[in-house]
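Right, one structure below, let's go through it.
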Amino acid sequence: MTIMRASCLLTAALALLPPAFPPAAAAGSTASAVRDAGAARHARTVRADATARAATTDAAARTAGSARTAGTVPATGTVQTTAAACRVPGLAVTAPYATVAGRYRAGAVSLFRDARPAGTLAQGRAGIAGEPGRGAAFGSAVVTGDFDGDGRDDLAVGVPGEGLDRFQDGPMYGDGAVHVLYGGPRGPRASGGEFWTLDARGVRGRARSTDRLGSALAAGNLNGDGDAELAAGAPGAGRVLVLAGTRTGGLTARHHALLAGRAGRPGDLFGSSVAVTPDGLAVRRPGAR
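According to mature numbering (1 follows the signal peptide of the UniProt record, and there is no 0), the stretch in the sequence shown is residues -26 to -1, 1 to 263, in order.
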């Protein structure tokens, strides 16, 4: 991979994270835990300005999205950077098809600070709920937002293949779940995180083995209170779960919303994609007739 002075390009599912370390050059940084990252079929390309190398605040990181940045995740899962010109404050690089603890396509998320590896997240590690499951696809979607109003970005990770019992993990079956890791001084903290499902306490839903909650995620201030809300698509159920952010504990199911397509039928795949716009929440419904 070659990085030009003006920009670099990183192809994978990415989320900008707040800065944690002073700017530093890195060369040939490797994250062996994401060796299957190149197989992430649903990866998207995120471009961030090369001038992000000078960013020292979350606000600067958010404005960096207007220009071009990055690196390449080859099939080996090695993330290579060869110049200090690419200084993104923080990245979460997902590998939903990574093998973890011998479980095929269990999924993992690698964190980077200024192109330096800063840890790997996976179920069953460092306080993250659950165990790696075959086909769970941890990291199929990621999004950041300040859900608890402390000024630090929090990280939400979708696990659409998560089964709420051991017979339901997999690429076709999966109730689905969303892990939320709250931000600390050095980035997302696994301790004190949350595990959301359609069966979670206070949620007016019922999880089924084909719902695939967490297939799509979006975050933004939807109710005007200044805190970010989290929207999680469950296309197998034709639903979108919206959780409210609060400054007294983060996300809450109180006053949550469970949205459905016009017909309210699972077959329309309502929730396949979600996005926060200036007008509210946009939801894709590819199976609509």
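All C-beta atoms, glycine included, are put in the ideal place defined by N, C-alpha and C.
Query	Result
Since I believe residue 232 is in contact with residue 215 (beta carbons under 8 Å), could you give me their beta-carbon distance rounded to a whole number of angstroms?	6 Å
Give every residue of the same chain whose Cβ lies closer than 7 Å to the Cβ of residue 181, excluding the five residues on either side of it in the sequence, and list them in chain order.	138, 149, 171, 172, 173
Looking only at C-alpha atoms, which of 178, 153, 68, 188 sits nearest to residue 134?	188
Does the separation of the CB atoms of residue 205 and residue 191 fall below 8 Å?	yes
Take residue 15 and list the residues in its own chain whose beta-carbon comes closer than 6 Å to its own, dropping the five residues that flank it on each side.	Residue placement at residue 15 is flagged as unreliable, the pLDDT there being 29, under the threshold of 50; the coordinate-derived value follows with that caveat. Excluding residues within five positions, none has a Cβ falling inside 6 Å.
Taking its Cβ as the centre, do 16 or more other Cβ atoms sit within 10 Å of residue 186, making it buried, or is it exposed?	buried
What are the start and end residues of the beta strand (DSSP E) that includes residue 105?	Note, residue 105: premise wrong, no beta strand (DSSP E); not H, not E.
Please list the terminal residues of the continuous beta strand (DSSP E) segment that includes residue 77.	Premise fails: residue 77 is in no beta strand (DSSP E) and is neither H nor E.
What does DSSP give as the partner residues of residue 191 in its beta bridges?	206
Report the CB separation of residue 245 from residue 213 in whole angstroms; it is logged as a contact under 8 Å.	6 Å
Indicate whether residue 264 and residue 116 have their beta-carbon atoms separated by less than 8 Å.	The structure shown does not extend to residue 264, since the chain spans only -26 to 263, so no value can be given for it.
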